[in-house]
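There are 2 protein chains.
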Amino acid sequence: MSDLDLSSSAISLPDTPAAPVAGTGGSAQATARDAVRALRSSQIREVANAGFGVADVLPFWFGESDRVTPAFIREAATGALARGETFYTHNLGIAPLREALARYVSDLHGATPIESVAVTSAGVNALMLAAQLVVGAGDRVVAVTPLWPNLVEIPKILGASVETVALGYGERGWTLDLEGLLKALTPDTKLLMINSPNNPTGWVMTRDEQRAVLAHCRRHGIWIVADEVYERLYYGAAGERTAPSFLDLASRDERLICVNSFSKAWLMTGWRLGWMVAPRALMDDLGKLVEYNTSCAPSFVQQAGVVAVEQGEAFTRSLVADLRVSRDHLAAALAGLPGVDVKVPHGAMYLFFKLEGAQQSLDLCKALVREAGLGLAPGSAFGSRGEGFVRWCYACDPARLDAGVERLSRYLASR
Amino acid sequence: MSDLDLSSSAISLPDTPAAPVAGTGGSAQATARDAVRALRSSQIREVANAGFGVADVLPFWFGESDRVTPAFIREAATGALARGETFYTHNLGIAPLREALARYVSDLHGATPIESVAVTSAGVNALMLAAQLVVGAGDRVVAVTPLWPNLVEIPKILGASVETVALGYGERGWTLDLEGLLKALTPDTKLLMINSPNNPTGWVMTRDEQRAVLAHCRRHGIWIVADEVYERLYYGAAGERTAPSFLDLASRDERLICVNSFSKAWLMTGWRLGWMVAPRALMDDLGKLVEYNTSCAPSFVQQAGVVAVEQGEAFTRSLVADLRVSRDHLAAALAGLPGVDVKVPHGAMYLFFKLEGAQQSLDLCKALVREAGLGLAPGSAFGSRGEGFVRWCYACDPARLDAGVERLSRYLASR
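Taken in sequence, the protein lines are chains A and B.
In terms of the UniProt record's numbering, the first sequence opens at residue 1 and continues consecutively.
In terms of the UniProt record's numbering, the second sequence opens at residue 1 and continues consecutively.
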């Protein structure tokens with residue numbers, strides 16, 4: 001879930017020792033394999049590097065709140081450390097956390113047994129594990145874009161090919177071309193990777209769209225990996241606690257893996273804790289994969305997760321209320337600027353808006369950080385469908401947003 | 001590095017909701033892909049499950065000390081949490097940790113620039129990342145066994161094929177058949193994965209063997225991934241702080257990736273923190289892979305790592321002195337038992353000894369836990385070359401070892 005990726009920049013190098021072994025080092029050829037070299041690197045990092053040396057930058061480019069994890073969650077980790085909980089845990093997570101998550105998911109999305117829940121070392125780690133479970137070399141994967149790059153790149157590490165289907169953009173903001181998606185989900189497709197609420201657009205898949213996609217994937221035996229880490233960052237009708245989820249529709253033992261994270265709903269980005277809900281028939285194999293990827297999440301981090309899930313509901317609700325205020329505040333301010341086309345989405349924590357002159361959004365974002373001290377993420381970082389747009393994370397207080405809008409306004413007026 | 005993998009055992013299942021979507025769930029087919037189903041699962045877990053319900057088990061089956069992480073390291077994490085260090089970090093790790101590790105590695109193995117060092121979410125995560133960097137579907141990998149299963153299984157997740165070369169066993173304990181290994185390292189081999197000091201045997205590769213292997217791999221452009229997580233658990237001549245390392249011989253920019261961990265030298269198994277030393281030309285690609293695997297290690301865990309590396313040297317030395325005492329104590333006690341053939345190795349924290357009647361070591365270990373309350377790891381868990389042996393982790397105080405030996409002695413006398 002991280003797109004924070006600042007370079008540690010230039011550091012002077014001591015000389016390495018001369019190699020006292022026969023043969024040529026061949027250092028020029030010591031490179032990664034082609035599939036890895038071809039993976040996209042972060043354009044947000046490129047923008048941040050362009051701002052290196054700019055003293056006063058207001059960064060809104062990362063997918064992260066500027067607020068620290070709540071004290072009661074941090075204290076749970078501290079308590080576990082004081083008690084000496086510093087040992088390996090079960091590959092699938094400590095029992096109290098799996099139990100707490102099973103209750104939490106059951107409450108939001110219907111009965112979910114403990115055996116369907118596994119703890120992972122971050123939401124992105126759950127995506128990697130899900131991909132490892134179901135795709136290998138030559139498999140066909142479909143993803144809906146614009147999209148946080150990780151979902152598109154992960155299957156490629158395993159040798160799969162990824163086809164993308166673009167969301168539409170119009171008066172109602174971002175919308176799914178359902179026909180187009182179903183057409184792309186050919187019978188030989190192995191996996192659909194879909195993220196709703198969506199990073200970067202805030203697009204939220206409707207219940208009816210989920211129903212149609214699920215029925216189609218069932219018919220053809222296509223796996224769905226649903227990245228639902230923003231489900232609680234949902235601005236629906238009063239009383240709606242969560243965005244529509246595939247878990248509301250599917251049985252727990254069919255070809256669906258739902259990925260989630262502690263990062264967004266409990267402000268735990270730096271903790272690297274996530275989970276997945278997956279068919280029980282996968283769990284033995286998942287345990288093996290966890291063993292071979294990270295073995296387990298840190299024990300005291302998992303204890304903090306228990307407290308977050310069991311005692312964090314009031315916090316999450318208040319966080320979402322704050323985010324809604326920030327979203328509306330920023331959208332109103334941006335709507336007043338010339339050359340800005342902004343729609344207000346129902347999910348996540350970003351405004352992904354059209355900006356005149358952003359046809360080369362990477363260049364524009366580099367100029368914005370250098371010339372205006374404003375850090376935004378270029379739309380092209382989320383695939384070619386995002387070109388012409390920029391992403392602004394509004395997970396901060398309105399005064400900070402105002403300062404950013406003021407910088408954008410001055411920049412637009414000056415060019 | 002975990003082989004702790006106890007099942008959470010039977011838990012009653014609530015009914016899952018009936019699926020309100022058309023199409024068949026096809027749950028019978030919702031299984032992992034074949035390559036993943038074929039991965040080995042932990043035989044240690046099988047043994048532990050066999051002991052389920054046995055009230056009084058003395059477990060020596062895990063690769064983990066029974067001591068808690070030192071307080072000064074835990075307090076560093078607590079301090080970072082109190083300061084609010086709960087955000088994403090750079091993919092390759094926080095600068096203070098990379099700097100501390102570069103100094104540490106330089107001190108042990110010669111000049112190593114910061115840019116050659118990357119922080120990972122555990123040693124095993126470093127192995128997974130290293131494999132992702134260099135091997136894909138169809139690639140040929142060679143590994144030396146008996147061996148902790150992870151090194152053999154990880155490349156298979158990526159579609160590679162793994163050939164194993166067996167260590168010899170004789171009067172001098174476990175030894176490398178160097179000729180055999182070089183012969184197996186054919187020019188079309190992509191990668192050698194080698195673990196020294198070795199889990200489970202305690203075998204330590206000599207400097208001359210490393211020199212010969214490095215020269216051969218250079219000649220044919222073969223990558224080496226050296227798992228050196230036990231390097232500090234080395235019982236050499238007085239003043240020798242570490243086992244021979246490939247880093248002592250190689251330049252920093254050739255085809256060598258050295259993997260290490262905080263788990264063993266600082267008793268931080270449950271923290272999931274590791275690092276690798278790799279060619280600088282790989283680092284941009286490694287950053288992408290870290291982003292797509294876990295994004296980063298938890299920020300406050302990395303801060304604890306800084307304190308471990310910078311202030312933990314006296315602790316590590318005292319730990320290794322204690323382990324040497326435990327090793328000698330256990331070896332002497334075992335040598336007095338009938339049917340035991342035990343050699344004293346120079347590294348790691350295990351005795352991997354031959355036991356009469358252990359030709360089916362999995363069955364024997366199940367019987368040992370059920371009938372004698374003694375938890376050992378079966379040799380077959382480490383590949384067929386380990387059959388006939390059992391592994392005993394001696395990372396605990398001598399009194400506890402005595403209690404275990406007493407149980408083994410009674411069991412052997414009774415059969």
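The beta carbon of each residue, even a glycine, is placed where N, CA and C say it ideally should be.
All values reported here derive from a predicted model rather than from experimental measurement.
Using only CA atoms, which one of the options lies nearest to residue i?
{"i": "Leu273 of chain A", "options": "B:Gly51, B:Thr86, B:Ile44", "result": "B:Thr86"}
{"i": "Phe52 of chain A", "options": "A:Leu368, A:Tyr411, A:Arg410, A:Phe389", "result": "A:Leu368"}
{"i": "Lys156 of chain B", "options": "B:Leu337, B:Glu406, B:Ala35", "result": "B:Ala35"}
{"i": "residue 420 of chain A", "options": "A:Arg391, A:Tyr292, A:Asp139, A:Asn125", "result": "Within the shown structure, residues of chain A are numbered from 1 to 415, placing residue 420 of chain A beyond reach of any answer."}
{"i": "Arg218 of chain B", "options": "B:Ile154, B:Ser121, B:Glu254, B:Ala226", "result": "B:Glu254"}
{"i": "Gly63 of chain B", "options": "B:Pro378, B:Val277, B:Leu412", "result": "B:Pro378"}
{"i": "His166 of chain A", "options": "A:Ile154, A:Arg370, A:Ala82, A:Leu181", "result": "His is not the amino acid found at residue 166 of chain A; the sequence shown has Ala there. With distances taken between Cα atoms, Ala166 of chain A lies closest to A:Leu181."}
{"i": "Ile73 of chain B", "options": "B:Phe300, B:Ala332, B:His346, B:Leu412", "result": "B:Phe300"}
{"i": "Asn195 of chain A", "options": "A:Gly173, A:Ala50, A:Val124, A:Ile94", "result": "A:Val124"}
{"i": "Phe246 of chain A", "options": "A:Glu209, A:Gly236, A:Gly336", "result": "A:Glu209"}
{"i": "Ala212 of chain B", "options": "B:Cys258, B:Ser65, B:Asp188, B:Leu178", "result": "B:Leu178"}
{"i": "Ala348 of chain A", "options": "A:Thr206, A:Gln359, A:Tyr235", "result": "A:Tyr235"}
{"i": "Leu282 of chain B", "options": "B:Trp223, B:Tyr104, B:Glu313", "result": "B:Trp223"}
{"i": "Gly339 of chain B", "options": "B:Ala82, B:Ile257, B:Ser409", "result": "B:Ser409"}
{"i": "Val307 of chain A", "options": "A:Arg33, A:Tyr104, A:Ser65", "result": "A:Tyr104"}
{"i": "Asp66 of chain B", "options": "B:Asn293, B:Pro398, B:Arg172", "result": "B:Pro398"}
{"i": "Ala32 of chain B", "options": "A:Arg83, A:Ile257, A:Ile94", "result": "A:Ile257"}
Could you check where the beta strand (DSSP E) with residue i kicks off and where it finishes?
{"i": "Glu163 of chain B", "result": "161-166"}
{"i": "Lys354 of chain A", "result": "350-355"}
{"i": "Ala265 of chain B", "result": "It is not in any beta strand (DSSP E) - Ala265 of chain B carries neither H nor E in the DSSP assignment."}
{"i": "Asn195 of chain B", "result": "191-195"}
{"i": "residue 424 of chain A", "result": "The structure shown does not extend to residue 424 of chain A, since chain A is modelled only from 1 through 415, so no value can be given for it."}
{"i": "Arg140 of chain A", "result": "140-145"}
{"i": "Arg391 of chain B", "result": "389-393"}
{"i": "Ala102 of chain B", "result": "Not the beta strand (DSSP E): Ala102 of chain B falls in the alpha helix (DSSP H), residues 95-109."}
{"i": "Gly274 of chain B", "result": "274-277"}
{"i": "Ala118 of chain B", "result": "117-120"}
Determine, using beta carbons only, whether residue i and residue j come nearer to each other than 9 Å.
{"i": "Val54 of chain B", "j": "Gly404 of chain B", "result": "no"}
{"i": "Leu351 of chain A", "j": "Tyr394 of chain A", "result": "yes"}
{"i": "Val57 of chain B", "j": "Gly375 of chain B", "result": "yes"}
{"i": "Val119 of chain B", "j": "Leu133 of chain B", "result": "no"}
{"i": "Cys296 of chain B", "j": "Gln303 of chain B", "result": "no"}
{"i": "Val47 of chain B", "j": "Cys396 of chain B", "result": "no"}
{"i": "Arg232 of chain A", "j": "Thr242 of chain A", "result": "yes"}
{"i": "Gly287 of chain B", "j": "Ser380 of chain A", "result": "no"}
{"i": "Ala100 of chain A", "j": "Gly305 of chain A", "result": "yes"}
{"i": "Gly383 of chain B", "j": "Thr164 of chain B", "result": "yes"}
{"i": "Leu129 of chain B", "j": "Val290 of chain B", "result": "yes"}
{"i": "Ser361 of chain B", "j": "Ser121 of chain A", "result": "no"}
{"i": "Val277 of chain A", "j": "Met193 of chain A", "result": "no"}
{"i": "Thr189 of chain B", "j": "His220 of chain B", "result": "yes"}
What span of residues does the alpha helix (DSSP H) with residue i cover, start to end?
{"i": "Gly287 of chain B", "result": "283-293"}
{"i": "Cys217 of chain A", "result": "207-220"}
{"i": "Phe62 of chain B", "result": "Where Phe62 of chain B is concerned, there is no enclosing alpha helix (DSSP H), given that its DSSP letter is neither H nor E."}
{"i": "Pro173 of chain B", "result": "The sequence given here has Gly at residue 173 of chain B, not Pro. It is not in any alpha helix (DSSP H) - Gly173 of chain B instead sits in the beta strand (DSSP E) that spans 173-175."}
{"i": "Val306 of chain B", "result": "299-311"}
{"i": "Ala126 of chain B", "result": "123-134"}
{"i": "Val405 of chain A", "result": "398-414"}
Strictly below 8 Å CB to CB, what residues from chain B border residue i?
{"i": "Trp275 of chain A", "result": "Here the premise fails: no neighbours, minimum Cβ distance about 14 Å."}
{"i": "Tyr230 of chain A", "result": "Correct list: empty, because the minimum Cβ distance to chain B is about 16 Å."}
{"i": "Arg272 of chain A", "result": "Ser121, Thr294, Ser295, Cys296, Ala297, Pro298"}
{"i": "Arg140 of chain A", "result": "By Cβ distance, chain B contributes nothing, its closest Cβ being about 13 Å from Arg140 of chain A, past 8 Å."}
{"i": "Val134 of chain A", "result": "Ala32, Arg33"}
Please list, in chain order, the chain A residues whose beta carbon lies closer than 8 Å to that of residue i.
{"i": "Phe62 of chain B", "result": "Tyr88"}
{"i": "Gly383 of chain B", "result": "Result: empty, since nearest Cβ-Cβ is about 15 Å, beyond 8 Å."}
{"i": "Thr269 of chain B", "result": "Thr86, Phe87, Tyr88"}
Show which residues of chain B have a CB atom less than 9 Å away from the CB atom of residue i.
{"i": "Ala77 of chain A", "result": "Ala77, Thr78, Leu81, Phe300"}
List, in order along the chain, the chain A residues whose C-beta lies closer than 7 Å to that of residue i?
{"i": "Thr145 of chain B", "result": "Result: empty, since nearest Cβ-Cβ is about 16 Å, beyond 7 Å."}
For this session: Check whether the region 197-208 of chain A touches the region 146-156 of chain A, counting contact only when three or more Cβ pairs, one atom from each stretch, lie closer than 8 Å.
Result: yes
Exercise. Contact between the region 103-112 of chain A and the region 125-140 of chain A: three or more CB pairs below 8 Å?
Worked result: They do not touch, by the three-pair rule.
For this session: Indicate whether the contact test is met: 3 or more Cβ pairs, each with one atom in the region 223-238 of chain B and one in the region 262-279 of chain B, closer than 8 Å.
Result: yes
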